[in-house]
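Each residue of the sequence shown is one higher than the one before, counting from 2 in this note's numbering. From the three backbone atoms N, C-alpha and C, an ideal C-beta is built for every residue, glycine too. Keep in mind that this is a model prediction, so the values were computed, not measured. Step one of this worksheet: look at the structure below.
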Amino acid sequence: RAQVLAAVDRLSPQGGTSIGRGIQTSLSAIAGRVVEVDESQGGGVEASGGDIGYYGSAAVVMLSDGENTAGPDPLEVAAIASTAGVKVYPVGLGSAAGTVLQVDGFQLATKLDEPLLREVARTTDGTYYAAADGAALEQVYRTIDLAWTVRTEKIEVTALLAGIAALLLLVGAGLSFVWFGRVV
């Protein structure tokens, strides 16, 4: 909780909404290194520096109140998150009908892009949640299960067990030689 609050304090609001950049920043925090997005791949996006690793127990809860207005493409960055095993849970604040906000004396029109947020969730095996008000947002937080997940993976251990058996055989032969003067 303290780390999340510290991360929020480090944020600096800027104009526009870049859903893709938000996911990218989250991936950087999860991977423990800066994840640069290379948009020069002929229409595709990939993480610069190659594979960012697998983080199957990681999840991103993304709050959005508007349309995507800046790059990179959220769906392509969501594909990178999916490859890394990171689930994104978009939470749409407000309504698709939109509203006009007063910001520093200016009027700003904003409307929620629910289809995009639903597709981001689908791409990463997450779930989209709509929160029109504070009570709905509290319900969303109670609904999202951010518990640790365990991925079962089979590992071949035959060689390891054979090595241990051979080592025990050598130890037994050595002890037999020390005690009896011969290998029995």
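key: Own chain residues within Cβ distance below 7 Å of Leu169, not counting five before or after   = The sequence position of residue 169 within the sequence shown is 168, counting from 1. Excluding its 5 nearest sequence neighbours in each direction, Leu169 has no C-beta neighbour in its own chain below 7 Å.
task = Output the boundary residues of the alpha helix (DSSP H) element that contains Ser83.
result = Numbered from its first residue, the sequence shown carries residue 83 at position 82. Note, Ser83: alpha helix (DSSP H), 75–84.
Residues near Thr124 by beta carbon distance below 7 Å, same chain, minus five either side = As a position in the sequence shown, residue 124 is number 123, starting the count at 1. Leaving aside the five residues that flank Thr124 on each side, the residues in its chain whose CB is nearer than 7 Å to its CB run, in chain order, Leu76, Ala79, Ala80, Ser83.
query = Do you know offhand how far Gly164's Cα is from Leu171's?
reply = Start at 1 with the first residue of the sequence shown, and residue 164 comes out as number 163. Start at 1 with the first residue of the sequence shown, and residue 171 comes out as number 170. About 11 Å.
task = Starting from the Cα of Glu139, find the closest Cα among Ala85, Glu68, Val92, Ala30 and give me that residue.
result = Working through the sequence shown from its first residue, we reach residue 139 at position 138. Nearest C-alpha to Glu139: Val92.
task = In the DSSP assignment, find the beta strand (DSSP E) that holds Val141 and state where it starts and stops.
result = Here the question's residue 141 lines up with position 140 in the sequence shown. Segment 135–144 is the alpha helix (DSSP H) holding Val141; no beta strand (DSSP E) there.
query = Between the C-alpha atoms of Gly44 and Val121, what's the straight-line distance to the nearest angstrom?
reply = As a first step, residue 44 is located in the sequence shown; it is residue number 43 there, counting from the start. As a first step, residue 121 is located in the sequence shown; it is residue number 120 there, counting from the start. The pLDDT assigned to Gly44 is 47, lower than 50, so where the model puts this residue is not dependable; a value taken from the coordinates is nonetheless given after this. Going by the C-alpha atoms only, they are around 18 Å apart.
query = How do the region 16–34 and the region 49–69 stand: do at least 3 beta-carbon pairs fall below 8 Å, yes or no?
reply = Touching, per the Cβ criterion.
inquiry  = Any heavy atom of the ligand GTP closer than 6 Å to the beta-carbon of Asp134?
reply    = Questions concerning the ligand GTP fall outside what the structure shown contains, since it holds no ligand whatsoever.
query = Skipping 5 residues on each side, what residues in its chain have a beta carbon closer than 6 Å to that of Gly86?
reply = As a first step, residue 86 is located in the sequence shown; it is residue number 85 there, counting from the start. Within the same chain, Gly86 has close Cβ partners Tyr55, Tyr56, Gly57.
query = Looking only at C-alpha atoms, which of Ala32, Ala60, Asp126, Val104 sits nearest to Asp52?
reply = Here residue 52 refers to the residue found at position 51 of the sequence shown. Among Ala32, Ala60, Asp126, Val104, the Cα nearest to that of Asp52 is on Ala32.
task = Just grab the DSSP bridge partners of Thr124 for me.
result = Here residue 124 refers to the residue found at position 123 of the sequence shown. Per DSSP, none; premise fails for Thr124.
ask   = In angstroms, rounded to a whole number, what distance separates the CA positions of Arg183 and Ala174?
value = On the sequence shown, position 182 is the one that residue 183 refers to. On the sequence shown, position 173 is the one that residue 174 refers to. Distance between the alpha carbons of Arg183 and Ala174: 9 Å.
query = Going by the CB atoms, is the gap between Gln25 and Val35 shorter than 7 Å?
reply = Within the sequence shown, the letter at position 34 stands for residue 35. Within the sequence shown, the letter at position 24 stands for residue 25. Not closer than 7 Å, so no.
Residue span of the beta strand (DSSP E) that contains Leu109, given as start and end = Sequence index remark: in the sequence shown, residue 109 carries index 108 (1-based). Its beta strand (DSSP E) spans residues 107–111.
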